[in-house]
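A.B. asks: So that we are looking at the same thing, I have put the structure below in structure tokens.
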Amino acid sequence: MRILLVEDDPALSFGIARALQREGWLVDTLSDGAAATVEGLIDQYDLAVLDLGLPRRDGMEVLRTWRSRGAKLPVLILTARDELSDRVQGLDNGADDYVVKPFDLPELVARLRALQRRAAGRADERIVLGDLELDTRHRELRWRGERVHLSPREQALTELLMARAGRVVPKDHIVSTLSSWETDFSENSVEVYIHRLRKRFADLGVTIKTVRGFGYLMELAEPPAK
Numbered sequence: 034m035r036i037l038l039v040e041d042d043p044a045l046s047f048g049i050a051r052a053l054q055r056e057g058w059l060v061d062t063l064s065d066g067a068a069a070t071v072e073g074l075i076d077q078y079d080l081a082v083l084d085l086g087l088p089r090r091d092g093m094e095v096l097r098t099w100r101s102r103g104a105k106l107p108v109l110i111l112t113a114r115d116e117l118s119d120r121v122q123g124l125d126n127g128a129d130d131y132v133v134k135p136f137d138l139p140e141l142v143a144r145l146r147a148l149q150r151r152a153a154g155r156a157d158e159r160i161v162l163g164d165l166e167l168d169t170r171h172r173e174l175r176w177r178g179e180r181v182h183l184s185p186r187e188q189a190l191t192e193l194l195m196a197r198a199g200r201v202v203p204k205d206h207i208v209s210t211l212s213s214w215e216t217d218f219s220e221n222s223v224e225v226y227i228h229r230l231r232k233r234f235a236d237l238g239v240t241i242k243t244v245r246g247f248g249y250l251m252e253l254a255e256p257p258a259k
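In this note's numbering, the protein residues as written are 34 to 259.
What follows is the structure in structure tokens.
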């Protein structure tokens, strides 16, 4: 999951980013509302954590602009404003959740996982495809109960494909999702990792098909002809 974190307190932003990165998520950070308004509209994020008390542009204005321009990414508001009216206003303006400072990082992470599941239409933290089962919380892939060891990038790409099993995942979406400002993931990299995963999954009952001009599709492999 790629997250946009908008928080103007450097120490808090650093702490949150580290906690989210430990979950295996990619995090881009911004500290002012004007830049966040633009970034949330031009780049592809799975989720945003948005402070309200931001310089240059208030977080509530950022949120209203995102929603009015059609941005559908889930947004968790992070703020010191604890009045009921503030929470109601944030939710009415399109926020998906609301966390009041001070807060515990484990709760924030748990809420983000819940938003991720909700956005993906899942009730729990497992993704199942045939005999493959991916635990998105503990980042473990198992086949018939046995651990399948993947590198972090292979794991992230597998989760992206399994979460959309049966549907084509565009190549540019893969590049955007698995890239951040600090790390680059090119189209050539996608092809390399797809090749690796095909070899790993060759005997596990799933296949990754190339849909030329569009992207990749993960689905159950057809049973061998009798």
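The beta carbon of each residue, even a glycine, is placed where N, CA and C say it ideally should be.
Remember, predicted model here, so these are calculated numbers, not experimental data.
Rounded to whole angstroms, what's the CA-CA distance from Ala189 to Lys134? Just pull it up for me.
C.D. replies: Here residue 189 corresponds to residue number 156 of the sequence shown, with the count starting at 1. Here residue 134 corresponds to residue number 101 of the sequence shown, with the count starting at 1. Near 30 Å, if we compare the C-alpha coordinates of Lys134 and Ala189.
A.B. asks: Spatial neighbours of Ala196 within its chain, please: CB distance less than 7 Å, with the 5 preceding and 5 following residues excluded, ordered by chain position.
C.D. replies: For the purposes of this step, residue 196 is taken as residue 163 along the sequence shown, with counting starting at 1. The answer, listed in chain order, is Ala153 and Ile160.
A.B. asks: Would you be able to state if there are at least three C-beta pairs under 8 Å between the region 101-116 and the region 126-144?
C.D. replies: yes
A.B. asks: Where does the unbroken beta strand (DSSP E) through Pro203 begin, and where does it stop?
C.D. replies: Along the sequence shown, one-based indexing puts residue 203 at 170. From DSSP, the beta strand (DSSP E) with Pro203 extends over Val201 to Pro203.
A.B. asks: Can you list the beta strand (DSSP E) stretches of 3 or more residues lying completely in the region 97-154, in chain order?
C.D. replies: 108-112 and 130-133
A.B. asks: Using the Cα positions of Leu53 and Thr169, report the straight-line distance between them to the nearest angstrom.
C.D. replies: As a first step, residue 53 must be located in the sequence shown, where it is residue number 20. As a first step, residue 169 must be located in the sequence shown, where it is residue number 136. The straight-line gap from Cα to Cα measures roughly 13 Å.
A.B. asks: By the three-class DSSP mapping on this structure, what secondary structure does Tyr226 have?
C.D. replies: Here residue 226 refers to the residue found at position 193 when the sequence shown is read from its first residue. It is helical.
A.B. asks: Ala52 lies in the alpha helix (DSSP H); which residues open and close that run?
C.D. replies: Start at 1 with the first residue of the sequence shown, and residue 52 comes out as number 19. Boundaries of the alpha helix (DSSP H) around Ala52: Pro43 to Arg55.
A.B. asks: Nearest to Asp79 by alpha carbon, out of Arg229, Arg144 and Val108?
C.D. replies: Indexing the sequence shown from 1 puts residue 79 at position 46. Comparing Cα-Cα distances from Asp79 to each of Arg229, Arg144 and Val108, the minimum goes to Val108.
A.B. asks: Taking one C-beta from the region 62-75 and one from the region 115-129 each time, how about it: are there three or more such pairs within less than 8 Å?
C.D. replies: no
A.B. asks: Taking one C-beta from the region 36-48 and one from the region 82-97 each time, how about it: are there three or more such pairs within less than 8 Å?
C.D. replies: yes
A.B. asks: Taking Cβ to Cβ, would you say Glu192 is nearer than 8 Å to Val208?
C.D. replies: If you number the sequence shown from 1, residue 192 lands on position 159. If you number the sequence shown from 1, residue 208 lands on position 175. For Glu192 and Val208, no; Cβs fall outside 8 Å.
A.B. asks: Using the three-state DSSP reduction, which class does Leu85 fall into: helix, strand or coil?
C.D. replies: Here residue 85 is taken as the residue at index 52 of the sequence shown, counted from 1. Leu85 falls in the coil class under three-state DSSP.
A.B. asks: DSSP puts Trp176 in a beta bridge; with which residues?
C.D. replies: Indexing the sequence shown from 1 puts residue 176 at position 143. The partner list for Trp176 (beta bridge, DSSP) reads Leu165 and Glu179.
A.B. asks: In the DSSP assignment, the beta strand (DSSP E) including Arg35 goes from what residue to what residue?
C.D. replies: Taking the first residue of the sequence shown as 1, we reach residue 35 at position 2. Segment Arg35 to Val39, the beta strand (DSSP E) holding Arg35.
A.B. asks: Provide the residue span of the beta strand (DSSP E) that contains Gly248, from first to last.
C.D. replies: Numbered from 1 along the sequence shown, position 215 holds the residue referred to as residue 248. Gly248 to Leu253 is the extent of the beta strand (DSSP E) around Gly248.
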